[in-house]
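As C-alpha coordinates, the structure follows; a few thoughts come after it.
In the numbering used here, the protein residues as written are 132 to 264.
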(Lines of atoms letter the chains of each structure in order from A; the text may use other names.)
(Lines give C-alpha, C1' and ligand atoms only; values in the text may rest on other atoms or scores of the structure.)
Protein backbone atom coordinates (compact mmCIF):
# COMPACT_ATOMS: atom_id res chain seq x y z
CA UNK A 132 0.00 0.00 0.00
CA UNK A 133 1.42 3.37 -1.05
CA UNK A 134 1.06 6.48 1.04
CA UNK A 135 0.12 9.76 -0.58
CA UNK A 136 1.61 12.07 1.99
CA UNK A 137 2.31 15.48 0.53
CA UNK A 138 -0.09 15.17 -2.39
CA UNK A 139 -2.58 17.56 -0.77
CA UNK A 140 0.20 20.10 -0.31
CA UNK A 141 1.19 19.85 -3.96
CA UNK A 142 -2.43 20.21 -5.08
CA UNK A 143 -2.89 23.31 -2.92
CA UNK A 144 0.32 24.86 -4.24
CA UNK A 145 -0.96 24.34 -7.78
CA UNK A 146 -4.54 25.48 -7.12
CA UNK A 147 -3.85 28.54 -4.94
CA UNK A 148 -2.87 30.87 -7.82
CA UNK A 149 -5.95 29.85 -9.80
CA UNK A 150 -8.19 30.47 -6.83
CA UNK A 151 -6.60 33.86 -6.18
CA UNK A 152 -7.15 34.93 -9.79
CA UNK A 153 -10.79 33.86 -9.55
CA UNK A 154 -11.25 35.83 -6.33
CA UNK A 155 -9.60 38.93 -7.81
CA UNK A 156 -11.76 38.64 -10.93
CA UNK A 157 -14.83 38.51 -8.68
CA UNK A 158 -13.67 41.68 -6.91
CA UNK A 159 -13.11 43.39 -10.27
CA UNK A 160 -16.55 42.35 -11.52
CA UNK A 161 -18.14 43.73 -8.38
CA UNK A 162 -16.30 47.03 -8.73
CA UNK A 163 -17.30 47.29 -12.39
CA UNK A 164 -20.98 46.78 -11.68
CA UNK A 165 -20.85 49.10 -8.67
CA UNK A 166 -19.16 51.81 -10.78
CA UNK A 167 -21.88 51.56 -13.41
CA UNK A 168 -24.59 51.85 -10.77
CA UNK A 169 -22.84 54.86 -9.20
CA UNK A 170 -22.46 56.63 -12.56
CA UNK A 171 -26.10 56.03 -13.50
CA UNK A 172 -27.31 57.31 -10.14
CA UNK A 173 -25.05 60.39 -10.30
CA UNK A 174 -26.25 61.20 -13.83
CA UNK A 175 -29.89 60.91 -12.74
CA UNK A 176 -29.37 63.09 -9.68
CA UNK A 177 -27.35 65.70 -11.59
CA UNK A 178 -29.93 65.97 -14.37
CA UNK A 179 -32.76 66.24 -11.85
CA UNK A 180 -30.96 68.93 -9.86
CA UNK A 181 -29.97 70.90 -12.97
CA UNK A 182 -33.53 70.85 -14.31
CA UNK A 183 -34.78 72.80 -11.30
CA UNK A 184 -32.41 75.78 -11.34
CA UNK A 185 -32.07 78.85 -13.52
CA UNK A 186 -30.41 78.42 -16.91
CA UNK A 187 -27.33 80.28 -15.80
CA UNK A 188 -26.73 77.73 -13.01
CA UNK A 189 -27.51 74.50 -14.91
CA UNK A 190 -23.92 73.45 -15.62
CA UNK A 191 -22.56 74.38 -12.19
CA UNK A 192 -25.42 72.65 -10.39
CA UNK A 193 -25.07 69.48 -12.49
CA UNK A 194 -21.35 69.34 -11.73
CA UNK A 195 -21.83 69.94 -7.99
CA UNK A 196 -24.59 67.36 -7.63
CA UNK A 197 -22.73 64.73 -9.67
CA UNK A 198 -19.49 65.29 -7.76
CA UNK A 199 -21.25 65.09 -4.39
CA UNK A 200 -23.19 61.97 -5.39
CA UNK A 201 -20.07 60.17 -6.62
CA UNK A 202 -18.11 61.19 -3.52
CA UNK A 203 -20.85 59.89 -1.21
CA UNK A 204 -21.32 56.60 -3.05
CA UNK A 205 -17.90 55.06 -2.50
CA UNK A 206 -14.57 54.52 -4.17
CA UNK A 207 -15.39 52.18 -7.07
CA UNK A 208 -15.23 55.09 -9.50
CA UNK A 209 -12.35 57.54 -10.07
CA UNK A 210 -11.28 60.16 -12.64
CA UNK A 211 -14.78 61.15 -13.65
CA UNK A 212 -15.83 63.65 -16.31
CA UNK A 213 -19.18 65.38 -16.54
CA UNK A 214 -20.76 66.88 -19.66
CA UNK A 215 -23.93 68.96 -19.52
CA UNK A 216 -25.97 70.06 -22.52
CA UNK A 217 -29.35 71.57 -23.26
CA UNK A 218 -31.56 69.62 -25.65
CA UNK A 219 -34.94 70.26 -27.17
CA UNK A 220 -37.72 67.71 -26.76
CA UNK A 221 -40.72 68.91 -28.71
CA UNK A 222 -42.04 72.05 -27.04
CA UNK A 223 -39.94 71.49 -23.94
CA UNK A 224 -36.29 72.07 -23.23
CA UNK A 225 -34.35 69.46 -21.32
CA UNK A 226 -30.96 69.09 -19.74
CA UNK A 227 -28.80 66.06 -20.50
CA UNK A 228 -25.98 65.06 -18.18
CA UNK A 229 -23.41 62.50 -19.30
CA UNK A 230 -20.90 61.13 -16.78
CA UNK A 231 -17.92 58.91 -17.46
CA UNK A 232 -15.47 57.43 -14.97
CA UNK A 233 -12.67 54.90 -14.65
CA UNK A 234 -13.18 51.72 -12.64
CA UNK A 235 -10.90 51.65 -9.62
CA UNK A 236 -8.44 48.75 -10.05
CA UNK A 237 -6.36 49.49 -6.97
CA UNK A 238 -5.35 46.27 -5.26
CA UNK A 239 -6.21 43.98 -8.16
CA UNK A 240 -3.41 44.87 -10.57
CA UNK A 241 -2.31 41.22 -10.42
CA UNK A 242 -4.93 40.51 -13.07
CA UNK A 243 -3.17 42.79 -15.55
CA UNK A 244 -6.43 44.38 -16.74
CA UNK A 245 -6.40 47.53 -18.82
CA UNK A 246 -8.30 50.54 -17.52
CA UNK A 247 -11.98 50.49 -18.34
CA UNK A 248 -14.33 53.45 -18.34
CA UNK A 249 -18.05 53.29 -17.71
CA UNK A 250 -20.51 55.96 -18.75
CA UNK A 251 -24.14 56.89 -18.32
CA UNK A 252 -26.38 59.76 -19.28
CA UNK A 253 -29.70 61.06 -18.08
CA UNK A 254 -32.14 63.60 -19.49
CA UNK A 255 -34.67 65.63 -17.50
CA UNK A 256 -37.19 68.15 -18.78
CA UNK A 257 -36.50 71.63 -17.45
CA UNK A 258 -39.22 72.70 -15.07
CA UNK A 259 -40.35 75.91 -16.74
CA UNK A 260 -42.65 76.90 -13.87
CA UNK A 261 -39.86 76.95 -11.28
CA UNK A 262 -36.99 78.58 -13.22
CA UNK A 263 -36.45 81.67 -15.28
CA UNK A 264 -36.83 81.26 -19.04
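The C-beta atom is built at its ideal place from N, Cα and C for all residues, glycine as well.
query: Helix, strand or coil: how does DSSP classify residue 217 here?; result: strand
query: For the putative contact between residue 158 and residue 239, defined by C-beta atoms under 8 Å, what is the C-beta separation to the nearest angstrom?; result: 6 Å
query: Look at the Cβ atom of residue 226, then the Cβ atom of residue 213, and state whether they are nearer than 8 Å.; result: no
query: Does DSSP put residue 247 in a helix, a strand or coil?; result: coil
query: Return yes when the Cβ of residue 210 is within less than 8 Å of the Cβ of residue 233, no when it is not.; result: yes
query: May I ask you to list the residues that DSSP assigns as paired with residue 154?; result: For residue 154, which the question treats as bridged, DSSP gives no partner whatsoever.
query: What are the partner residues of residue 224, as DSSP defines its beta bridges?; result: 219
query: Look up residue 212 in the DSSP assignment and say whether it is helix, strand or coil.; result: strand
query: Excluding the five sequence neighbours on either side, which residues of its own chain have a C-beta within less than 8 Å of the C-beta of residue 203, listed in chain order?; result: none
query: For residue 245, which of 191, 163, 143, 140 has the nearest alpha-carbon?; result: 163
query: Would you mind working out which of 153, 171, 141, 259 sits nearest residue 222, comparing C-alpha positions?; result: 259
query: Quick one: what's residue 229 bridged to in DSSP?; result: 214, 252
query: Determine the closest residue to residue 160 out of 242, 143, 177, 179, with distance taken between C-alpha atoms.; result: 242
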